[in-house]
Amino acid sequence: MSSQLPETTTVHTENSGSGGQPVHAGRGDQHTITGRDGVHTNISTQINNYTKGSEVAGTIAPNEIRSYPPFSKSPLKTFVGRQSLLDRIRSQFLRESGDEDKTAARIVGIWGLGGAGKSQLALRYKQKYGAEYKASFWVQAKDLQSLRLDFRDIYNSIQVGRSQDASPPKDEEVRDAVVRMLAEGEERWLMVFDEADHLHDNDKAFFDIRQYIPASSNIHVIITSRSSLAGELSTWDGVEVGMMTEEEAMDLLAKTSKADLSTSEARSQAEDIVKKLGLLPLAIAIAGAYIATAPRLSSNLSLWLQEFDEKRRRMLEKNPRRLVDNYDKNVMTVWETSYSAILDHSPDTCLLFDLLAFFDSEDIHAELFAPKHALDLHEGENPWTYIAHVKIGDTTNVVENPLASVLGLKGDANVDCIEDSLAMLERYSMITSNRANGSFAMHTLVHAWCRERQEVQLFGTNRPCIAALLLILNAYKSNNQRQGTLRLVPHIRKITQAALQAKFNPSEEAMVYYTMVNIGWNLYRHGSYEDASLILEVALQKARNVYGPHSAETIVAKLGLAESLVFLFKLDEAIKLQTEVIEDAPTVFGDQHKLVLRAKTGLEDMTVSREKTKHITRRMKPLAQNCESFALKLRIRLTFLYSLMFCLNVGAKLVDSLVSIALKKAYTDSIVPLARGACTLARLWSKIIDKTIDRIVSFQNQYRSVLTGALQFVYGDFRVPNKELLQQRADILEEGSKFVPAWYEMETDFERLLRVLAFGIGNCVTAWGKLRESIEEYQKTVQSRTAWEIGVWKIEEFTKKLREFKF
């Protein structure tokens, strides 16, 4: 039925009469319009009359178009920062282009993880720039029903005075009327479509939001969504809302918690809190509100940190209603909503997401889940694989495609399928991408929530954990490059932790043992001794529980653990385990089995090493500890040039010897001061080199020895997986690399240094680039000059470079 519209309408405008009272026009110009076309014509007339400030004689003027909703909708009082994001929204609305469609609305999509502050950002924009618009309209777009209700409210706010007998217009009529009304207006309008998460046409709750956007360049539209498709709807690039900066997060915590952060201790604790929450605004706001209600926490923020790990779920399940008007979602429900949307679209993607709970939250890539090669259980490279295969039985089908067979995915878990699923997770902002290396990352809190979901046993078994173990083993064995295998170590650590916490049945324990012992062996083979020892220790526990203390599986795990402990300089523990292996192995394998022979040889080496270590450590420890201070004091005590060079010569040899000993794990803690001492000597020597050109050749070897000691220290980078130590090594290498290129003669040495730098020390990328440039320059020179000219050029270049350095 066509809608019936009133013969007369009333508009309240600020300019329509004295004191803002409505102006009553004469009957001669009243508008009597019926039918659907009447809706459009009537509203168009109203909007034109209003925007032009005209008075229609003899009629009641149309109702003023006011902002919607009529009540104030403002951002949090605690809203902080994010100015750069506001500036990006603003610039996209004001941006000019010759190719721009003059009839299209300006659209800025705002997307990001649930709780990142998208709606608050839109509210802040409305608050800051709202005065520039004639009216603004904030509509809920979380589903079609909510959107229709808001559009009807906007429609009804204009159509006052309608006849009581008139039938209400249909939803489509209301939509078309409001859209046309705004499109034909001459003023600027702001529309915000909030929580428009169902933008993919395969979503069950999908609706075409574009039908609700007026076609006019006077319309500025903000769409907030968890889907990155909001960016594709944007006129330009849109705005992705990530996490806060640390400074913004600290300000937000201070405002919401009302805690005093004036002391360095309090600020340090606050920094720990915002980092723990991954700089996520909603989580920080909830934490701040929680702290504000508990005086014991606001006066001692460290208590919150202590309680968070135990009560994380309960804390994040709190609703921040006190903080946000009409906001009834907590962090958990926000993410659960996204999960449900993904589940509607692709159940397989949700299975992959659940599996990510067992991996590290950083550096997620498709090859983890669909390696290039299926795992071969029949390899004979080492006894671990052979024993596991014989005892566990034929599990080849499971291992060839663990994601498909263990979790029951439809079809094959190939790279294309995995990449599609990862892309969908990114589209819903559950993960973020790193275009530089083709990897993905998950927010730390989302990752923790994902892991906690496993506690309700979505699968009813420990299959996801076992699948993760098999997948990481498959990925490890599919990658023959050291750098690639080291990339997997963080994932291995996370999966191992999950396996330690899980409870398996006997058949599952056997599978866990198989994967653990294989992963441990491969880590040992690649020099990751600490990680290898941790994983092989887990495998040993599983073997004892499932197979018994004297079984072949237990022996194999003991042997691997013992050999790993040797390189961690835990010789007493290693010798104990190796002795047990030698006692049990002949009975199981026979006296001449290669495993038995290997164990006996290893025990002899361990015993000798232990005695040598005690002797070396006892003598070298004091020298190592004093090495750095010794090098620094040389500059003060010695004033004569040649005396200084002589002592530097002796010091270089001493440091080189000490570093060599330390690298053999005689005294691990001495490596850092030794390497620093080496660089200190290098700096002292280089300061005087430009004054003694004739002495360069004779002292070059000593200088080479000093720096080589520091580089040897760096070369053993991944034997000690300690972040602080790695950073110290990186700093030393970066400093040492300044001196290397000008005088290193052997091309093989250049290649070796490049390998060291390329092994993944992040902050040395610049040094690596400089080193490569120097090598290329040197090689060009070698091709174009005689040996004598090269020697002269090298000395001149070396001196020139050293003068550029400031000590």
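Here the sequence shown is numbered in our numbering, starting from 1030 and rising by one per residue.
Backbone N, C-alpha and C fix where the C-beta goes; we use that ideal spot for every residue, glycine too.
These numbers come from a predicted model, not from an experiment.
Under 8 Å Cβ to Cβ from Leu1262, same chain only, skipping five residues before and after it: list those, please.
-> The answer, listed in chain order, is Ile1136, Gly1138, Leu1228, Ile1238, Arg1239, Ile1252.
Kindly indicate which three-state DSSP category Gly1260 falls into: helix, strand or coil?
-> For Gly1260, the three-state secondary structure derived from DSSP is helix.
Counting Cβ pairs closer than 8 Å, one from the stretch 1389-1400 and one from the stretch 1444-1455, do we hit at least three?
-> yes
Where does His1476 sit, in a helix, a strand or coil, going by DSSP?
-> helix
Using the Cα positions of Met1097 and Thr1292, report the straight-line distance between them to the nearest angstrom.
-> According to the sequence shown, residue 1097 is Tyr rather than Met. Spanning the two alpha carbons is a distance of roughly 45 Å.
Is Lys1304 closer than 9 Å to Glu1275 when the C-beta atoms are compared?
-> Between Glu1275 and Lys1304, the C-beta gap is smaller than 9 Å, which places the two residues in contact.
Can you tell me the Cα-Cα spacing of Ser1390 and Arg1325, whole angstroms?
-> 33 Å
If you count every other CB in all the chains shown that lies within 10 Å of the CB of Leu1552, and 16 or more means buried, which is it?
-> buried
Range of the contiguous alpha helix (DSSP H) that encloses Asp1280 | 1275-1286 is the extent of the alpha helix (DSSP H) around Asp1280.
Cβ-based burial, Asn1547 [other Cβ within 10 Å; buried from 16] = buried
Roughly how many angstroms separate the alpha carbons of Ser1813 and Phe1122, rounded to a whole number?
-> Confidence in Ser1813 is poor, its pLDDT being 46 and thus under 50, which makes the residue's placement unreliable; the coordinate value appears in the next sentence. So the two alpha carbons sit approximately 58 Å from each other.
Touch test, the stretch 1369-1378 against the stretch 1462-1473, Cβ-Cβ under 8 Å, three pairs minimum = Counting Cβ pairs under 8 Å, fewer than three are found: no touch.
In chain order, what residues of the same chain have a beta carbon less than 6 Å from the beta carbon of Thr1461, not counting five sequence neighbours either side?
-> Ala1470
If we ignore side chains and look at the alpha-carbon of each, how far apart do Val1567 and Thr1264 end up?
-> 55 Å
Extent of the continuous beta strand (DSSP E) run through Gln1526 = Looking at the DSSP string, Gln1526 is not in any beta strand (DSSP E); the run it does join, the alpha helix (DSSP H), is 1518-1530.
Is it buried or exposed for Ala1603, if we count other Cβ within 10 angstroms and need 16 for buried?
-> Around the Cβ of Ala1603, a 10 Å sphere holds 16 or more other Cβ atoms; the residue is buried.
In the DSSP assignment, find the unbroken alpha helix (DSSP H) run with Ala1299 in it and report its ends.
-> 1293-1305
Hey, how far is the Cα of Leu1454 from the Cα of Phe1382?
-> 8 Å
Going straight from the alpha carbon of Ala1586 to that of Ser1580, what length do you get?
-> Linking Ala1586 to Ser1580 through their CA atoms gives a straight-line distance of about 10 Å.
Three-way DSSP call (helix, strand, coil) for Trp1265 in this model | coil
Would DSSP call His1394 helix, strand or coil?
-> coil
Mind checking whether Ser1148 and Asp1223 have CB atoms under 9 Å apart?
-> For Ser1148 and Asp1223, yes; Cβs fall inside 9 Å.
Under a Cβ-count criterion, where at least 16 other Cβ atoms within 10 Å of its own Cβ denotes burial, should Ala1170 be classed as buried or exposed?
-> Flag for Ala1170 reads buried.
Spatial distance of Leu1158 from Ala1323 (CA atoms) | According to the sequence provided, residue 1158 is Tyr. The question's Leu does not apply to it. For Tyr1158 and Ala1323, the distance between alpha carbons rounds to 37 Å.
With a CB to CB cut of under 7 Å and the five nearest residues on each side skipped, what residues in its chain are close to Glu1538?
-> Lys1571, Asn1574, Val1575
Roughly how many angstroms separate the alpha carbons of Glu1201 and Ser1536, rounded to a whole number?
-> Answer to the nearest angstrom: the Cα atoms are 60 Å apart.
Quick one: give me the first and last residue of the beta strand (DSSP E) that Ala1470 is part of.
-> 1468-1470
In this structure, what does DSSP give as the bridge partners for Asp1223?
-> DSSP links Asp1223 through a beta bridge to Gln1169.
6 Å CB neighbourhood of Ala1527 in its chain, flanking five on each side removed = Phe1387, Cys1494
Is the beta carbon of Gly1549 sitting closer than 9 Å to the one on Gly1589?
-> yes
Endpoints, alpha helix (DSSP H) assigned at Ser1450 | Residues 1444-1456.
Helix, strand or coil: how does DSSP classify Asn1551 here?
-> helix
Determine which residues share a DSSP beta bridge with Val1878 and list them.
-> Here the chain covers residues 1030 to 1836 and nothing more, so residue 1878 does not appear.
Cβ of Met1279 within 9 Å of Cβ of Pro1310?
-> no
The beta strand (DSSP E) enclosing Leu1139, as first and last residue numbers | Per the sequence shown, residue 1139 should be read as Ile rather than Leu. Segment 1135-1141, the beta strand (DSSP E) holding Ile1139.
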